[in-house]
Amino acid sequence: MPALKSFTGEEPPAKVKIKGMSTYILVDFAELKIPTRFVKCDLQRFAKEFDVKVEKHHDFVKITPNFVVEKMREEHMISTFDGELRTKLEDWFKKNAKRMVAELLGFGGG
């Protein structure tokens with residue numbers, strides 16, 4: 027699964043086509059980026075529900091799991107060589123990514 031490997035830092039960023047839509051999301055190391063114009067939910071509620079940091083930029087919304095944000099606060103960086111982090115990212119992605127993207131794009135809970 028290329029998106030999972032991109033999220034865990036094992037592969038370069040991946041553009042993932044959203045079925046039935048004219049957009050892609052960008053999956054990068056420990057973050058997802060979704061074009062702002064396609065976001066259809068309350069981002070404050072979304073951030074609480076999924077325990078993520080949401081950063082709204084001009085043309086995209088960046089989603090980062092809060093455990094990654096905390097690690098960066100404590101250690102000032104994250105590394106693709108951190109096996110424990112990679113495992114947490116993989117588990118988190120498998121559990122949340124599809125449902126989160128569906129919620130963001132207005133498809134309900136996926």
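Count along the sequence shown from 1, add 26, and you get the number used in this note's numbering. We put the CB at the ideal spot given by N, CA and C, even for glycine.
If you scan the stretch 41-112 from start to end, which runs of the alpha helix (DSSP H) of 4 or more residues do you find wholly inside it?
69-76 and 92-101
Would residue 62 and residue 78 be called neighbours here (beta carbons separated by less than 8 Å)?
On the sequence shown, position 36 is the one that residue 62 refers to. On the sequence shown, position 52 is the one that residue 78 refers to. Cβ distance not < 8 Å, so residue 62 and residue 78 don't count as in contact.
Please name the residue in 88, 83 and 34 whose C-alpha comes closest to that of residue 126.
Your numbering for residue 126 matches position 100 in the sequence shown. Checking every option, the nearest Cα to that of residue 126 belongs to 88.
Straight-line gap, residue 74 to residue 104 (C-alpha atoms, nearest Å):
As a working mapping, residue 74 is identified with position 48 in the sequence shown. As a working mapping, residue 104 is identified with position 78 in the sequence shown. Straight-line Cα distance between these residues: approximately 23 Å.
Rounded to the nearest angstrom, what separates residue 43 and residue 36 at their Cα positions?
On the sequence shown, position 17 is the one that residue 43 refers to. On the sequence shown, position 10 is the one that residue 36 refers to. Roughly 20 Å between the two C-alpha positions.
What do you get for residue 110, buried or exposed, if any count of 16 or more other CB atoms within 10 angstroms of its CB means buried?
Taking the sequence shown and counting its residues from 1, the one referred to as residue 110 is at position 84. It is exposed - the Cβ of residue 110 has fewer than 16 other Cβ atoms within 10 Å.
Among residues of its own chain, excluding the 5 on either side of residue 67, which ones have a beta-carbon nearer than 7 Å to its beta-carbon?
For the purposes of this step, residue 67 is identified with residue 41 of the sequence shown, where counting begins at 1. Hits under 7 Å: 129, 130 and 132.
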